[in-house]
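Participant:
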Amino acid sequence: MGMVRLLLTLMLAGTAGHAGCSRQGTAGMAQAADRTQVFVLALASAESFDRTLPVLRFAGQDVKRMQNVLKRMAQVPDQRITVLQDSSRTALRHAFTALADRMRAAGRPHETKFIFYYTGHSDTKGLHLADGLLGKDELNALLASIPANARIAFFDSCYAGGLATKGIKPAADFVVPRAEYDEPSGSVFLAATSGTDVAFELEELGGSLFTHHLVAGLYGAADANRDGLVTVDEVYHYVYQQMSSGAMSLPRGHLQKPEYAMRLHGKGALVLAEVKRATVPLQIDAELSGRLILSMDGGLQVFKIIKPEGQVMQMQLVPGDYRVTLEQDDNVGHGLLRVPSRGTTQLSRAQLVFEKAPRLALVAKGERPRPRWAVAMGVANSTYSRIGPRMEAELATRSATIEGLDWRFLINGGWQTNRLDYQNQSGHSQTLSFLAGARGSLWPAWALDGQDWRLLLAGGFDYVWQDWDAPSGVILRTFQPFIPKVAYGLGTSFTRPSGLTFGLNFRREFPFATGKETGDVFALGASVFAASVEW
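Numbered continuously in my numbering, the sequence shown closes out at residue 543.
#1: Considering only residues of the same chain and omitting the five flanking positions on each side of Pro492, which have a CB-CB separation below 8 Å?
#2: Starting from Phe47, trace the beta strand (DSSP E) in both directions and tell me its first and last residue.
#3: Span of the alpha helix (DSSP H) holding Gly499?
#4: Just the Cα atoms here: how many angstroms apart are Ala230 and Leu222?
#5: So Ala103 packs on Ser165, CB below 8 Å; how close in whole Å?
#6: Taking DSSP's pairing of strands, which residues face Glu282 in a bridge?
#7: Looking only at its own chain, which residues have a Cβ that is under 7 Å from the Cβ of Ser96, when we skip the five neighbours before and after it?
#8: Which value, in whole angstroms, describes the spacing of the CA atoms of Ala232 and Gln249?
#9: Roughly how many angstroms lie between the CA atoms of Gln87 and Val279, to the nearest whole one?
#10: Which residues in the same chain as Met323 place their Cβ atom closer than 6 Å to its Cβ, once the five residues preceding and following it in sequence are excluded?
#11: Which runs of the alpha helix (DSSP H), 4 residues or longer, sit entirely within the region 406-448?
#12: Decide if Lys364 is buried, meaning its Cβ has at least 16 other Cβ atoms within 10 Å, or exposed.
#13: Taking the C-alpha atoms as reference points, what is the distance between Asn157 and Ala50?
#14: What three-state label does DSSP hand Pro452 in the structure shown?
#15: Considering only the alpha carbon of each residue, which of Arg485, Thr500, Ala478 lies closest to Leu456?
#16: Taking a contact to mean a Cβ-Cβ separation below 8 Å, would you say Val238 touches Val283 in this structure?
#17: Please classify Ser252: does DSSP put it in a helix, a strand, or coil?
#18: Tell me, please, whether the region 417-425 touches the region 392-409 by the rule of three or more beta-carbon pairs shorter than 8 Å.
#19: Taking 7 Å as the limit between beta carbons, can you name the residues of its chain near Val387, skipping five residues before and five after?
#20: Among Met74, Ser216, Gln45, which one has its Cα closest to the Cα of Phe122?
#21: Might you give, ordered along the chain, the residues of its own chain that have their beta carbon closer than 6 Å to the beta carbon of Gln438, omitting 5 neighbours on each side?
#22: Could you check the C-alpha separation between Glu267 and Phe162 for me, to the nearest Å?
#23: Could you tell me if Asn513 is buried or exposed, where buried requires 16 or more neighbouring beta carbons within 10 angstroms of its beta carbon?
Have a look at this one:
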């Protein structure tokens, strides 16, 4: 949505004291979770006050999924969950105030957790609500006003890593603490993106990518040590691994990697969900392989995993009826699965009906397609000239996806100089060139991370000045204006998380010039090899 990094300080403060568990391992953590009161404030802002931004299609589904998983897996009752959709700033302020009053009235701040979840638009100044901007300073104050022993904030929005000004980092060397001591106090911040990434929502999931993995982790996929407890550390580690592994491919050269900031006092980890209380096992046969999607409750619970070939896989599911989708090469299998409240459920190939896979749509969450500027330096040559330097600049319009290609219309202006060598005559030429056309970008499955491939089709004209060295020492200057030409080109580019794009492009041009004496039309083939930078 054309957003830049949101610089927002998250208050990282906790009160003294712990949850009062003794060092009894998993049992002690479960007992602590029983005594701990959890309060939730979840906000979905599908529509921004900035009417030029698109309305998010699945913000409402995202917040319902979070509400559902916290009720089932964290045993949070309805009366402790506040859900706002397309809220005004005033309504959000009142919700924070009312929740803080209720938590103070409960009288157990040392045994209280607060979870804040946001999905929607944001920019460098704050959160985009329906009636205006909730500034970063005010949001900071609202979060700090909650009297809880532990505060956990989830932000599913573009450039969400900018919500915390310090302590934010990816999980390349992340170590998950063991849940065996008293639960720590303090604050935790989990962001859907770094400070330079955009967040995505995916049509096949009916929701946002980050929230999908977050919910799946809370349902048990994040329980790495299989102790039946999902901690905040395990959730982040799971979400980071899933989004970094490419289990859900992101075309168009974009990356989305979550980040975290934690300031906790005490040993152990914060428990968010208790898997074995609410789930039963599902065993997936070895013959099945590919990307497996299970959804239930009208799409409010969606699980997506990569199933390796030749291996039996087991996962934990909430009992109920599921729609099953298995993406396998160019085919997709569909079926229904009933998971009873007891026993182990089997999933085999015989339960699925396969057909040709449809094209799936991926949408950048809250991001408008943006015009792109590019500058390039390279070399060019033609029939009569030697290789010489070339510089050019280009402006491409917002993109539009047509038949799987991301098309941009563009105008290009360039200047080059060449040494001339023709029939024992020598000299120099300078050329001003102009092109207008379209460039299509493609992200094949075998492309590298952040790489695309490009096709250029364009037409334009040249202005050419030629200085020929005459035998008498006199320089003979000729000028050929408005020489029409057509061009095609191939190239590749790499988009970095910062948004900068670096490319290598080869272009073949065919200018047409008319000789002054004969009137013949002849073609000059010009090859341009350029290294470009876009932003």
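C-beta atoms are modelled at their ideal positions from N, C-alpha and C, and glycine is treated no differently. As the structure is a prediction and not an experimental result, all values here were calculated from the model.
Facilitator: Well, looking at it:
#1: Gly467, Gly468, Phe469, Pro519, Phe520
#2: Start and end: 45-53.
#3: Segment 483-503 is the beta strand (DSSP E) holding Gly499; no alpha helix (DSSP H) there.
#4: 9 Å
#5: Not a contact, Cβ separation roughly 18 Å.
#6: DSSP lists Leu237 as partners of Glu282.
#7: Leu137, Ala138, Asp139
#8: 12 Å
#9: 20 Å
#10: Excluding sequence neighbours, Met323 sits near Leu290.
#11: none
#12: exposed
#13: 19 Å
#14: Pro452 sits in coil when the DSSP states are folded into three classes, being neither helix nor strand.
#15: Thr500
#16: yes
#17: helix
#18: A contact is defined here as three or more CB-CB pairs under 8 Å, and the region 417-425 meets this definition with respect to the region 392-409.
#19: Ile395, Gly396, Pro397, Arg398, Phe537
#20: Gln45
#21: Thr425, Trp473
#22: 11 Å
#23: buried
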